[in-house]
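Presented below is the structure to which this report refers.
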Amino acid sequence: MRGSTSPWPFTADDSEDPSSATFRQQWEAWVNFSLFKARCVEAGILDQPTNPYGLPADQIVEGLETDPLPTSQAARDGKVLIAAQYLAVAGEKFYERLVLIPRRAFNNNANTNMKAAAAIALHRGRARWSLWAARLEFLALHGGLSRPVAETLQMARRRVVALEPVLFPGMAMRR
């Protein structure tokens, strides 16, 4: 990764030509690996107490919260598709970590300091959840992505909205 903190094994800035077939194949392999990892997350394999990695939210953050997206079509489609796949396949696990656990902590704590910390975590989790839904919709419509990737983003957005519909009063019914 050339000293980068990015979760991606390579970037569009690498010495390889981003328009080459090899570059596209590398991205497709990374997308497939990430889909496998999303299925492992959903199955609870990464929930083990001995797992030091936790949930791979960094790839969702990188794909949905980072601007600008790569100029290469393969890299742009790949980054966004991986984020969408994690939310479409393992969205419930991310929702649990970002929203449900802080909500339970807030509701079950009598200690004022613990309750305040849980309230902050809940607020941040719900804000991130709302941001992800909005970015999924925006990128699907205006991200310059290929049609299959845009469709996957719409599917992921529907999953995000369905898990916390109270955050999206107008979006829940839109298709």
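Mapping of the sequence shown onto our numbering: position 83 corresponds to residue 74, and the numbering continues sequentially without gaps. Quick reminder that beta carbons are idealized off the backbone N, C-alpha and C, glycines included.
Of the residues 87, 97, 68, 102, the one placed nearest residue 133, counting alpha carbons only: One-based indexing of the sequence shown puts residue 133 at position 142. Closest option to residue 133, Cα to Cα, is 68.
Span separating the alpha-carbon of residue 95 from that of residue 14: As a working mapping, residue 95 is identified with position 104 in the sequence shown. As a working mapping, residue 14 is identified with position 23 in the sequence shown. Each residue's Cα considered, the two are about 44 Å apart.
DSSP three-state assignment for residue 85, whether helix, strand or coil: Working through the sequence shown from its first residue, we reach residue 85 at position 94. Residue 85 falls in the helix class under three-state DSSP.
Contacts around residue 131, its chain only, beta-carbon distance under 6 Å, and the 5 residues preceding and following it disregarded: Locating residue 131 in the sequence shown gives position 140, counting from the first residue. Cβ within range, chain order: 141, 144, 145.
Beta-carbon spacing of residue 50, residue 137 below 9 Å: Translated into positions along the sequence shown, residue 50 becomes position 59. Translated into positions along the sequence shown, residue 137 becomes position 146. Taking 9 Å as the Cβ cut-off, residue 50 and residue 137 do not qualify as a contacting pair.
Continuous alpha helix (DSSP H) stretch holding residue 49: start and end: Taking the sequence shown and counting its residues from 1, one reaches residue 49 at position 58. 48 to 55 is the extent of the alpha helix (DSSP H) around residue 49.
Cα-Cα separation between residue 159 and residue 120, rounded to whole angstroms: Along the sequence shown, read from residue 1 onward, the residue named residue 159 stands at position 168. Along the sequence shown, read from residue 1 onward, the residue named residue 120 stands at position 129. Rounded to the nearest angstrom, the two C-alpha atoms are 10 Å apart.
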